[in-house]
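*Asks:* I'd like to ask some things about the structure below.
There are 4 protein chains.
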Amino acid sequence: MIRFESDYTEGAHEQIMKRLVETNEEQTPGYGMDEHCEKARQYIRKACRAEHADVHFLVGGTQANTIMIASILRPHQGVVAASTGHIAVHETGAIEATGHKVLTLPSPDGKLQAEQVKELYEAHWNDVTHEHMVQPGLVYISHPTENGTTYSKSELAALSKVCRECDLPLVIDGARLGYGLAAQDSDLSLADIASLCDMFYIGGTKVGALMGEAVVIIKDALKKDFRYIIKQNGGMLAKGRLLGIQFETLFEEGLYHDISKHAVDMAMLIREAFAAKGVCFRYASMTNQQFPILPNEILRKLREKYSYSHWETIDARHSAVRFCTSWATKKEHVEMLIKDIKELL
Amino acid sequence: MIRFESDYTEGAHEQIMKRLVETNEEQTPGYGMDEHCEKARQYIRKACRAEHADVHFLVGGTQANTIMIASILRPHQGVVAASTGHIAVHETGAIEATGHKVLTLPSPDGKLQAEQVKELYEAHWNDVTHEHMVQPGLVYISHPTENGTTYSKSELAALSKVCRECDLPLVIDGARLGYGLAAQDSDLSLADIASLCDMFYIGGTKVGALMGEAVVIIKDALKKDFRYIIKQNGGMLAKGRLLGIQFETLFEEGLYHDISKHAVDMAMLIREAFAAKGVCFRYASMTNQQFPILPNEILRKLREKYSYSHWETIDARHSAVRFCTSWATKKEHVEMLIKDIKELL
Amino acid sequence: MIRFESDYTEGAHEQIMKRLVETNEEQTPGYGMDEHCEKARQYIRKACRAEHADVHFLVGGTQANTIMIASILRPHQGVVAASTGHIAVHETGAIEATGHKVLTLPSPDGKLQAEQVKELYEAHWNDVTHEHMVQPGLVYISHPTENGTTYSKSELAALSKVCRECDLPLVIDGARLGYGLAAQDSDLSLADIASLCDMFYIGGTKVGALMGEAVVIIKDALKKDFRYIIKQNGGMLAKGRLLGIQFETLFEEGLYHDISKHAVDMAMLIREAFAAKGVCFRYASMTNQQFPILPNEILRKLREKYSYSHWETIDARHSAVRFCTSWATKKEHVEMLIKDIKELL
Amino acid sequence: MIRFESDYTEGAHEQIMKRLVETNEEQTPGYGMDEHCEKARQYIRKACRAEHADVHFLVGGTQANTIMIASILRPHQGVVAASTGHIAVHETGAIEATGHKVLTLPSPDGKLQAEQVKELYEAHWNDVTHEHMVQPGLVYISHPTENGTTYSKSELAALSKVCRECDLPLVIDGARLGYGLAAQDSDLSLADIASLCDMFYIGGTKVGALMGEAVVIIKDALKKDFRYIIKQNGGMLAKGRLLGIQFETLFEEGLYHDISKHAVDMAMLIREAFAAKGVCFRYASMTNQQFPILPNEILRKLREKYSYSHWETIDARHSAVRFCTSWATKKEHVEMLIKDIKELL
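Line order of the protein sequences matches chains A, B, C and D. Take 11 as the starting number for the first sequence in this note's numbering and just add one per residue. Take 11 as the starting number for the second sequence in this note's numbering and just add one per residue. Take 11 as the starting number for the third sequence in this note's numbering and just add one per residue. Take 11 as the starting number for the fourth sequence in this note's numbering and just add one per residue.
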């Protein structure tokens, strides 16, 4: 079985494993106060061109989203998100468990438009009964989205502008940020991300690390007491160095970028193979997740050799599925899949 | 600097690192549904002599405590704990953040006595205004305690009996469980623990693993939907296999026991060196944490070569401090420390 | 200004005021343990034909909804509701503040259909990633709905059947229950409500009382420790007798029914006046709330003498508005309004 | 049975009942936006000599405490209180249910000393692991305390000074504020209270009203969005006018002060009767609650005619009990009790 079901089916990039083994016997202080974490922070600040940013390392994505959001909102405020956003669907109510409503907006492709946010904001404040409703308190987007789509620089700038006008912090879930930045149709850099939002995280779990997400706080007013919120939410790893070492490795010499590009290259090969056979896609993704719509009988045959995720039932005979590549995807596996696509379709 | 400040200053036991490297390219399903997790579950059930137990792997201790407790309590219930309990002091209100009060009982040594729990329970139900007070909903202890002390088999049996009479689930924080079981004065086995409580966790972070805690649920009524609660609290690791592989290694052939014993042996050497010089101890710990009471001027000298934790100011000239050993403690470091103790004191 | 904007613009029915004054100097125990509360409980049980029901008195509707729902759900569960449901829109996230997501289903008229609930339930359990999503834990409806619509006996029976099959408690928000039961097209009795759901409340605030809602718990398993949950949520009135006296008055000799019928009769007069002029209604309400769609210029004129609520902007020149009647609505006011409708339209 | 068990055994002061009846048919907007509320706000601001204060009306004390505290704290912060404080003991974990720990300080008499708060604050910030502990976020006291004791002006000024130095808002629970201000040994005025704290509430439930507490927000930074927090916590009464009318009556011409004084006068008569017989008191209360320590056999006899609250078991033969007076206490009842005290003791 060759797995394309997700982008977390392997361990970590070999350079990370090597570094973890090399440093294994070092004695360090706990909770992210070690030198590896400090170095990783510096590399990340540099990559973001955000010298004054605070950087914190967390273990996973649900944790990162929950902590970022809980640190910002007052009790009566909610987080604005696309109805397909990860926090709205696939985190078992982690946000609500901290007391906050997710205020969802419809989205055909997983993205929020600046205009939508402005309308929601104005609708709230224009309503005479606004105190009877959850107040929008921040805007959450993911880049790339859960559907593999990406924001263009102008789209993100427009969203950022509206958020700043409305005094709504803009928070970006970057679980797959590397793959979004490496998309061929992307004109966004990491520095753009950092300059346009107020807080975001750089995903490691799905991009080369064993586990780990780096939260970057840009806006000064949001930095205060963040470590308390991490600890309260069970996110403060005793051996914080493990996260530091991994992000140090990923950001020291561009590894994060290189392996992200590899994943996207592999995804594009798969995309082209499907497209060449006239297959349609559920979403226009140029990132590491591809969502072909395929006849169920073809899927049954593919399933004998490959794992993928079921995404949506299109009709009685067709399904949209997800094939993921990652930093770990082997070219020979992709070639094998392409060969089978050619033969089966 | 030789670090004795905590038991999480190094990475992981070399066998674990080896196994992580060997399995790094394996492709597995996520979220703990892989074969390594399954094997680890079987090893742990066997070690606990608890064939029907559910076993779940989490990343850290605050997470484990929060998830265990939140999974059990109804909103108006609280958790009974020693006033020194980890959840009462050092988790930044993680339990309260899930809506529950920690009902503390005084404890000179970190342990709860059966009688205390019975009294609190009866006091609650005998009070005519009990509906105006938080209802005791479960009992939380740690073994060994934060002070390094351990429960004897008869003490734990008495506590267990009271808890069952009062229909209060008994939950054990086993962050350092290995070190408690390896204590020379302990007559408790892992199977005893499993038979006397309703839910507990076996700590990996402090006992050989990079990170990871194995929650063991004994009581059937407490098993339902536990994975939802894990996910909601950000505890479901995408690459769950990392935890499975580590616990597989620790419980396959007794490694957990062996390395725990090493740590305790090292601690006893340090203890004896202090005791031989007439030093008193803040707590009667026979586990990996030692709490000598030392003159501040001696501490100043020790600090030049060794790190330790400040625990309590005893008087203007004396402090209680903590020296921790662990699975990773090197005998030569202990010997060096002992030599210095002999010379300084 | 004659107010039709809501059904809580006056104090209480004169019989209630009389009773409150008469009993004012009585000394009673607090927190709902007095004889007035006990009598009111008996009257309500009798009216519901539910001898074994528990009855609790609360001050307001948000409180009642929050307490009912929080008392039932485990942390990972959510409450299924129409997207227009009061808890989903107009309670400032009170449900989320207790940690629970509101799982909304679309509804053109404010009602949930049995089939919808079944589909949502099955979709959850059929999804392989269901542990990553909030589990449906109970179903909340309002009768009548926020839109004035009502369930027929067969609709409610079908919903009840599905809920029992799926082990989802069915909870009814009866803020305006009297007006729903008094609707001319309603074939539901209070006893039907009690037999088909698991917990509900009988609204007093909008139906004759100064304030107060009576929660009726039908299902035994949901009765335990309810008073703790009331207290924790700030819902336990020190002078509980105030609620007891009011519900005693309302249910002793059918006052609740009589005044509800009056409100609906008044609403039907208004409805007929609008309908006679060819006015369309936003919702097919036969209860005390009427939602005519009117030209904005007519509204401007009505506004000089009458208050109403803006409900929805239909187009540049038309709005749907709400006219409410209540137990307190004076016939001469309705006649004046009708006369003006005839003249203006 | 003559009730001295609590200060909420009757309805409301006759002037309030009269006003409620007189205004019963008035039509007003809901949720505290009516003219009675507005007038009451003005009277209260004037009485507090706090022209710029925000004033909000809530139904009960648990609600008031929860809403005040939840509106101020960030998630990782806790509220500092005496271990006997109402929020620490008798609100069924209402504060914890909003996610916050109550950080208790020992207190023999129910009061907090400035020094204690300073020590706790410094201990927190001096601890290197402070991020692992709940951060003190505000200070809560009650005046008078649950034990009937009161702060002197200099004590409150000292506490206020420390709170301002430490940037900890000072919040006062004034459930029985009138009785505290009327204490013969009190040198505090309502204006002093308002100038020395940041937020407090003036209790109505126990001082003349059917129900209701007036929250007064002094500090500008704490005013924002308070009504949202009220609504979210189920504290926004639909017919808010009911609270407005009551506080209007209480503060229009000094009624609140006069009836408070009556209660304290009655309590002093009882106190003197006990003292004349050599009875000791559990607390040095000069307010409406008296805590004599009496032989159990005397209590058994008193119980035949009078209700009181059991407070504490002193030894096998003595108990501390509570006798409460209130605005409603009849002089003839007090005289009867005094006569019996004289005869029995």
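The beta carbon of each residue, even a glycine, is placed where N, CA and C say it ideally should be.
Helix or strand or just coil, what does DSSP make of A:S152?
*Replies:* As a working note, residue 152 of chain A is residue 142 in the first sequence. Three-state DSSP puts A:S152 in a strand.
*Asks:* Please give the ranges of any alpha helix (DSSP H) in the segment 283-328 of chain D, keeping only runs that are unbroken, at least 4 residues long and fully inside the region.
*Replies:* Taking 4 residues as the shortest admissible run, the segment 283-328 of chain D contains the following complete alpha helix (DSSP H) segments, listed from N- to C-terminal end: 306-312.
*Asks:* Looking at C-alpha atoms only, which residue of A:K349, A:C207, A:R292 is the closest neighbour of A:E322?
*Replies:* Working through the first sequence from its first residue, we reach residue 322 of chain A at position 312. The residue with the shortest Cα to Cα distance from A:E322 is A:R292.
*Asks:* For the segment 218-228 of chain A and the segment 190-197 of chain A, state whether three or more C-beta atom pairs, one from each stretch, are separated by less than 8 Å.
*Replies:* The segment 190-197 of chain A and the segment 218-228 of chain A do not touch, with fewer than three beta-carbon pairs separated by less than 8 Å.
*Asks:* So which residues on chain D does B:M143 lean against when the C-beta distance must stay under 7 Å?
*Replies:* Here residue 143 of chain B refers to the residue found at position 133 of the second sequence. In chain order: V99, H100, T102.
*Asks:* Out of A:P39, A:K349, A:Y53, A:T155, state which residue places its alpha-carbon closest to the alpha-carbon of A:R281.
*Replies:* Here residue 281 of chain A is taken as the residue at index 271 of the first sequence, counted from 1. Minimum Cα distance to A:R281 is reached at A:K349.
*Asks:* When you compare each of A:H96, A:P116, A:Q52, A:M143 to A:H86 by their alpha carbons, which one comes out closest?
*Replies:* Along the first sequence, read from residue 1 onward, the residue named residue 86 of chain A stands at position 76. The candidate whose alpha carbon is nearest that of A:H86 is A:M143.
*Asks:* Comparing the C-beta of A:K111 with each C-beta of chain C, is any distance below 7 Å?
*Replies:* On the first sequence, position 101 is the one that residue 111 of chain A refers to. A:K111 counts as touching chain C.
*Asks:* Looking at chain D, is there any beta carbon in it that lies within less than 7 Å of the beta carbon of C:E35?
*Replies:* Start at 1 with the first residue of the third sequence, and residue 35 of chain C comes out as number 25. Judged by the 7 Å Cβ criterion, C:E35 is in contact with chain D.
*Asks:* Using a 10 Å radius around the Cβ and a threshold of 16 neighbouring Cβ atoms, would you call D:E101 buried or exposed?
*Replies:* For the purposes of this step, residue 101 of chain D is identified with residue 91 of the fourth sequence, where counting begins at 1. When all chains shown are included, D:E101 counts as buried.
*Asks:* So, for C:L355: in the same chain, excluding its five sequence neighbours on each side, which residues have a beta-carbon less than 6 Å away from its beta-carbon?
*Replies:* As a working mapping, residue 355 of chain C is identified with position 345 in the third sequence. Taken in chain order, the residues that qualify are K287.
*Asks:* Name, going along the chain, the residues of the segment 61-90 of chain C whose beta-carbon falls closer than 9 Å to a beta-carbon of chain D.
*Replies:* L68, V69, G70, G71, T72, Q73, A74, N75, T76, I77, A80
*Asks:* What residues in the segment 227-242 of chain B bring their beta carbon closer than 9 Å to a beta carbon of chain C?
*Replies:* K234, D235, R237, Y238, I239, I240, K241, Q242
*Asks:* Find out if the Cβ-Cβ distance for the pair B:V344, B:L304 is shorter than 7 Å.
*Replies:* For the purposes of this step, residue 344 of chain B is taken as the residue at position 334 of the second sequence. For the purposes of this step, residue 304 of chain B is taken as the residue at position 294 of the second sequence. For B:V344 and B:L304, no; Cβs fall outside 7 Å.
*Asks:* Would you say B:L252 lies against chain A (beta-carbon separation less than 7 Å)?
*Replies:* What you label residue 252 of chain B is simply residue 242 of the second sequence in a count that begins at 1. At least one CB of chain A lies nearer than 7 Å to the CB of B:L252.
*Asks:* Decide yes or no for the touch test of the segment 64-77 of chain D against the segment 224-240 of chain C: beta carbon pairs closer than 8 Å, at least 3 of them.
*Replies:* When C-beta atoms of the segment 64-77 of chain D are compared with those of the segment 224-240 of chain C, fewer than three pairs fall below 8 Å, so the two segments do not count as touching.
*Asks:* Just checking my contact of C:L68 with C:E223 at CB under 8 Å: how many whole Å lie between their CB atoms?
*Replies:* Residue numbering aside, residue 68 of chain C sits at position 58 when the third sequence is read from its first letter. Residue numbering aside, residue 223 of chain C sits at position 213 when the third sequence is read from its first letter. Rounded to whole angstroms, the Cβ separation of C:L68 and C:E223 is 5 Å, and the two are in contact under 8 Å.
*Asks:* For A:I239, does the three-state DSSP call read helix, strand or coil?
*Replies:* Position 229 of the first sequence, counted from the start, is the residue given in the question as residue 239 of chain A. The answer is helix: DSSP assigns A:I239 an H, G or I state.
*Asks:* Can you tell me whether DSSP reads B:L355 as helix, strand or coil?
*Replies:* For this step, residue 355 of chain B is matched to residue 345 along the second sequence. Coil at B:L355, not helix or strand.
*Asks:* Please list, in chain order, the chain D residues whose beta carbon lies closer than 9 Å to that of C:M27.
*Replies:* What you label residue 27 of chain C is simply residue 17 of the third sequence in a count that begins at 1. Those within 9 Å of C:M27 in chain D are M27, L30, V31, N34.
*Asks:* Can you name the residues that DSSP bridges to B:P146?
*Replies:* Position 136 of the second sequence, counted from the first residue, corresponds to residue 146 of chain B. Residue pairing by DSSP puts B:P146 in a beta bridge opposite B:G88.
*Asks:* Identify the residues that DSSP records as bridge partners of B:T114: which are they?
*Replies:* Position 104 of the second sequence, counted from the first residue, corresponds to residue 114 of chain B. Under DSSP, B:T114 takes part in a beta bridge, and its partners are B:A91.
*Asks:* Determine the DSSP secondary structure at D:F14, reduced to helix, strand or coil.
*Replies:* Your numbering for residue 14 of chain D matches position 4 in the fourth sequence. Coil at D:F14, not helix or strand.
*Asks:* Here's the rule: buried if 16 or more other CB atoms are within 10 angstroms of the residue's CB, otherwise exposed. What is D:T72?
*Replies:* Counted from its first residue, the fourth sequence places residue 72 of chain D at position 62. Burial call: buried.
*Asks:* Measuring only between beta-carbons, confirm whether C:E263 sits less than 7 Å from chain D.
*Replies:* Taking the first residue of the third sequence as position 1, residue 263 of chain C is located at position 253. Judged by the 7 Å Cβ criterion, C:E263 is not in contact with chain D.
*Asks:* What did DSSP end up calling A:D208 once you bin it into helix, strand or coil?
*Replies:* Taking the first residue of the first sequence as position 1, residue 208 of chain A is located at position 198. Correct three-state label for A:D208: coil.
*Asks:* In whole angstroms, what separates the C-alpha of C:R174 from that of C:M78?
*Replies:* Taking the first residue of the third sequence as position 1, residue 174 of chain C is located at position 164. Taking the first residue of the third sequence as position 1, residue 78 of chain C is located at position 68. Roughly 18 Å separates the two Cα atoms.
*Asks:* Starting from A:V31 and walking both ways along the alpha helix (DSSP H), at which residues does that stretch end?
*Replies:* Position 21 of the first sequence, counted from the start, is the residue given in the question as residue 31 of chain A. A:V31 -> alpha helix (DSSP H) spans 24-32.
*Asks:* What would DSSP say about D:A219, mapped onto helix, strand or coil?
*Replies:* For the purposes of this step, residue 219 of chain D is taken as residue 209 along the fourth sequence, with counting starting at 1. It is coil, neither helix nor strand.
*Asks:* Counting only beta-carbon atoms, is C:A107 nearer than 7 Å to chain A?
*Replies:* Here residue 107 of chain C is taken as the residue at index 97 of the third sequence, counted from 1. Nearest CB-CB separation between C:A107 and chain A: below the 7 Å threshold.
*Asks:* Which value, in whole angstroms, describes the spacing of the CA atoms of A:L166 and A:V112?
*Replies:* Residue mapping note: residue 166 of chain A aligns to position 156 of the first sequence, counting from 1. Residue mapping note: residue 112 of chain A aligns to position 102 of the first sequence, counting from 1. Going by the C-alpha atoms only, they are around 21 Å apart.
*Asks:* Are the CB atoms of D:S317 and D:E20 nearer to each other than 7 Å?
*Replies:* Taking the fourth sequence and counting its residues from 1, one reaches residue 317 of chain D at position 307. Taking the fourth sequence and counting its residues from 1, one reaches residue 20 of chain D at position 10. Cβ distance not < 7 Å, so D:S317 and D:E20 don't count as in contact.
*Asks:* If we count Cβ pairs, one from each stretch, closer than 8 Å, do we get three or more for the segment 270-279 of chain C versus the segment 37-55 of chain C?
*Replies:* no
*Asks:* Whole angstroms is fine: what's the gap from A:Y18's alpha carbon to A:E24's?
*Replies:* To locate residue 18 of chain A, count along the first sequence from 1; it is residue 8. To locate residue 24 of chain A, count along the first sequence from 1; it is residue 14. So the two alpha carbons sit approximately 15 Å from each other.
*Asks:* Hey, quick one: how far does the beta strand (DSSP E) through B:V181 stretch, first residue to last?
*Replies:* Here the question's residue 181 of chain B lines up with position 171 in the second sequence. Its beta strand (DSSP E) spans residues 180-183.
*Asks:* By the 10 Å Cβ neighbour count, where 16 or more other Cβ atoms means buried, how is B:M11 classified, buried or exposed?
*Replies:* Taking the second sequence and counting its residues from 1, one reaches residue 11 of chain B at position 1. Label assigned to B:M11: exposed.
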